[in-house]
Each structure stands twice: as structure tokens, then as C-alpha cells.
Amino acid sequence: MEIQEKSNEGYRETGYISEKKKMTNLDYIYSAIIGVLGGIISSLIPFSLLIKVWYPLTGGTQLVSGHHVIWGTIVYGLTKKKKDIILTMVTKGIMEFLLGDPWGLLIVLVNFMEGTLLAGGFQIMEKLGEGETKLGWSLAGGIGNFFQAPFFWIINQRWYLHWSLWALAFIFAFISGVLITGLLGKIIKDSLIKVGVPITY
Amino acid sequence: MNRRNFYIVVASICIALTAFWLTIYAVISLDINLFQDPNTIKINGSGVKGEITINLNELKSSKYVQIIDQKFFIENSVGNSYEKVYSGVSLWSLLEVENLLNDDPNDLTFLLWGRDGYRSPQPLNLSIAKNYPTLVIIAYMEDSYPLFGDGPLRSALNQSVMPIGEVSSQYSVQQLAIIEIT
Numbered sequence: 001m002e003i004q005e006k007s008n009e010g011y012r013e014t015g016y017i018s019e020k021k022k023m024t025n026l027d028y029i030y031s032a033i034i035g036v037l038g039g040i041i042s043s044l045i046p047f048s049l050l051i052k053v054w055y056p057l058t059g060g061t062q063l064v065s066g067h068h069v070i071w072g073t074i075v076y077g078l079t080k081k082k083k084d085i086i087l088t089m090v091t092k093g094i095m096e097f098l099l100g101d102p103w104g105l106l107i108v109l110v111n112f113m114e115g116t117l118l119a120g121g122f123q124i125m126e127k128l129g130e131g132e133t134k135l136g137w138s139l140a141g142g143i144g145n146f147f148q149a150p151f152f153w154i155i156n157q158r159w160y161l162h163w164s165l166w167a168l169a170f171i172f173a174f175i176s177g178v179l180i181t182g183l184l185g186k187i188i189k190d191s192l193i194k195v196g197v198p199i200t201y
Numbered sequence: 202m203n204r205r206n207f208y209i210v211v212a213s214i215c216i217a218l219t220a221f222w223l224t225i226y227a228v229i230s231l232d233i234n235l236f237q238d239p240n241t242i243k244i245n246g247s248g249v250k251g252e253i254t255i256n257l258n259e260l261k262s263s264k265y266v267q268i269i270d271q272k273f274f275i276e277n278s279v280g281n282s283y284e285k286v287y288s289g290v291s292l293w294s295l296l297e298v299e300n301l302l303n304d305d306p307n308d309l310t311f312l313l314w315g316r317d318g319y320r321s322p323q324p325l326n327l328s329i330a331k332n333y334p335t336l337v338i339i340a341y342m343e344d345s346y347p348l349f350g351d352g353p354l355r356s357a358l359n360q361s362v363m364p365i366g367e368v369s370s371q372y373s374v375q376q377l378a379i380i381e382i383t
């Protein structure tokens, strides 16, 4: 019996990809579309009202802050490229700056840092074998979203506020990252793939 | 339930309980009155003759000096400036009409407290409110619309009246509840 050696060329790679991949045109297009969309939505829709109507303390609005970073999660789900997260977040930051964010150009740096930490979060989760689980995405989202609370509270020099308000803001930022950036981001990514949005990995 | 999910549930419960008890602790420590009517403002402290509570309708009355659609230049802690248009009542007018002060304004200070536990960084000398009555106000409208999420009342101070080193964004206290005069 003749044994034919089959080439892998006709097959598509699946699962976690460790080697470096070049950015494709579609990756750039996703970054541009999702980044601009994220910049507009995150800037103009007052999500904080969802919290202010029922939670009494300052810093409570961190509970919805995850919407700032969810765009990075969605793009990562479609492209599986960490560079794309950072590109999307920087695009979103530029959009927020152009829409007149009170923090000026600093908002671009904030978005860059959030994107970098989200990418780092995914890197850690993949190393731990949680790259495709809900837990892994949630924790990566939590790591990505955590940065903004301490950053803005420190830059605002809110030393005069009670320590418990600081602690609560940080906890809420992490919870929001877990629930909105990570879990909701994964649900949206799965839905987009299910309805036929092309993936690039 | 497998062990992994059990750990996830335990960790989630621990975080939720921490947030819950920290919230209770903050409310008690900061002496926040959760039941204060948001449409009222309280003026208290050792610098006034007695505590007074004024509601929004009274604040809007012609009894006090009303500032309509005044531009406020606000600066934040990274030095960016932006413009806001507020309508409200002059703080100095309020103190003067009610004859609240028991000392010279140069010797008194005011500290602003929000319903959400936020407070302005430090007490400001009350002479600021006296010397610039139209630039230190309790606002109830922004761009001619009632304040919603940040209101119904908030303080608004123009950057030009701020002491050196202080930025007006930190003194623009949303959900303003108490003005403490000492």
C-alpha cells in the first residue's frame, strides 16, 4: 500500500497562534473602523448616567468604564493580533482628542496604555492556557481596563479624598474590565464571527 | 460544579462583598446623608449663625442675584482649559441675603461637598466669593438646560478667581449638597 505524504498547505491553522503574523489590509481596516466607532461612542454617549442614578459615591462610574477598552477586545477577537489592539486604541484616542476631550492629547497616551495592558493581559492568559476561555478574556479585560482609574485619580491629585473611595474606584474599574471589556467583548466577538464577519487569522 | 468554576464563584463573591462593605464604610466615614433631597443645598459650619437648607425653587427666586448664561473658563490638572456656560445663583448673594456669616469674610473659608462623597481639595477664602460674586456660583443650568447627571446643583468657579496652584475643575463640584463655612 502506498502511503502518500500530505502537505499542510491546504489546511487552515486554528487555535492559538504563537508565531508573528504580518498585518493585513483587513486588519488595518478593522482598526480604523472599530477605533473611530469606539472614539465616537465612548466620547458622546454618557454611559455614566447608568450608574449615577443608583450608586451614591464618586468613582462609581468606573463600573461602566469598560466600554472604553471593549473596542480593543473586539478587534483582537477578529484578528488575533496584539498590535491591532494598540492600533485600534490609538485610533480611538485620536478620535476622542478630535472630539474635544478635556484631557487633550493625553487621552491618546491613555488609550495607548490601555491597549498595551489589554494586549499584555491576553499574552498572560494565553501563556496560562486561558487564551480562548471566558475566564481568560475576562481577566485580560480586567487588566486592560484597570489602568485608567489609578491614572486619572493620580493625575487629578485626588489625595484629599477618602481612601475607601480610591479603593472602590479601582475595584470597580477591574470589575468593569472583567464584565464589559472581557466578557461582553467576547460575546460580541463571537456574535460577529457567527454572522459572517471575516476573521484574519 | 467543577473545582475551577467553584473558585471563580468564590473569588467573585469575595470581590462583591469587599465592594459592598467598602461602600457602607465610605458612607459612614464620610457622613453622607443618602436621604438628603438632591434639590436642596445645606450651608453649615462654624462660620455661619445657624445651619440653613435651601431648595432649588428658592435658589432660582429673584431674592438672590441670578447669573444667567455666564461663560466659565475651567482648567483641569493637566493645564487644559475649556469653556462652560452655566446659569445659577451667586454664592455671595445667598450668604448676604440670608445674613448667615458671623465673621468677616476675609477670616472665613468655604469647602464644597458633593452628595457622592467628593469634596473640593481645600477650603477657599470666602473673600473670593465676595470679590467675584458673578464668578463663584451655585449652578442649576448648563447651556440653558437643567443639570441632569451632574446636578441638579453644582458649584462653578472661574479659573481667574482661583488661588495660584489651584485648578477650577477640582472645585466644580457636581451633585453639590453642602457648603461648609468655617
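Here the protein sequences come in this chain order: A and B. Numbering-wise (our numbering), the first sequence opens with residue 1 and increments by one. Numbering-wise (our numbering), the second sequence opens with residue 202 and increments by one. Note that the Cβ used here is the ideal one computed from N, Cα and C, for glycine as well.
A direct Cα-to-Cα measurement between VAL53(A) and THR91(A) gives close to 31 Å. Per DSSP, reduced to three states, the secondary structure at VAL197(A) is coil, with no helix or strand assignment. A check of alpha carbon separations from GLY121(A) across ILE107(A), PHE174(A), ALA167(A) and LEU78(A) identifies PHE174(A) as the nearest. Sequence-ordered contacts of the segment 226-248 of chain B with chain A read TYR226, ALA227, VAL228, SER230, LEU231, ILE233 and LEU235 [C-beta pairs closer than 8 Å]. For PRO347(B), the secondary structure class from DSSP, reduced to helix, strand or coil, is strand. Among the residues of the segment 52-85 of chain A, those with a Cβ less than 7 Å away from any Cβ of chain B are LYS52, PRO56, LEU57 and THR58, in the order of the chain. Here PHE311(B) really is in contact with LEU325(B); their C-beta atoms are around 6 Å apart, less than 8 Å.
Per DSSP, the beta bridge partners of TRP314(B) are ARG320(B) and ILE379(B).
A distance of 7 Å or more separates the beta carbons of THR88(A) and ILE143(A).
At a cut-off of 7 Å between beta carbons, GLY289(B) makes no contact with chain A. Distances from the alpha-carbon of LEU302(B) to those of SER278(B), ILE339(B), ALA227(B) and SER328(B) put SER328(B) closest.
For the segment 93-113 of chain A, the set of positions with a beta-carbon nearer than 7 Å to some beta-carbon of chain B reads PRO102, TRP103, GLY104 and LEU106 in chain order. When GLY315(B), ALA217(B) and GLN267(B) are compared, the shortest CA-CA separation from GLY352(B) is found for GLY315(B). Proximity of ALA173(A) to chain B, defined by a Cβ-Cβ separation below 7 Å, is not satisfied. Counting the other CB atoms within 10 Å of its CB gives ALA217(B) a total below 16, which places it among the exposed residues. In the structure shown, LYS272(B) falls within a strand segment according to DSSP collapsed to helix, strand and coil. At a C-beta separation below 8 Å, VAL279(B) has these neighbours in chain A: TRP103, GLY104, LEU106 and ILE155. Nearest Cα to MET113(A) within the set LEU57(A), GLN148(A) and ASN25(A): GLN148(A). Restricting attention to ASN145(A), GLY136(A) and ILE94(A), the CA atom closest to the CA of HIS68(A) is found in ASN145(A). Residue pairing from DSSP places GLY289(B) in a beta bridge opposite ILE268(B) and ALA340(B).
Excluding sequence positions up to five before and after LEU313(B), its CB lies within less than 7 Å of the CB of ARG320, SER321, SER356, TYR372, VAL374, LEU377 and ILE380, all in the same chain and listed in chain order. About 6 Å separates the Cβ atoms of LEU57(A) and LEU165(A), confirming a contact at the 8 Å cut-off. Look at the segment 202-223 of chain B: the residues with a C-beta under 7 Å from a C-beta of chain A are ILE209, ILE216, THR219, ALA220 and LEU223.
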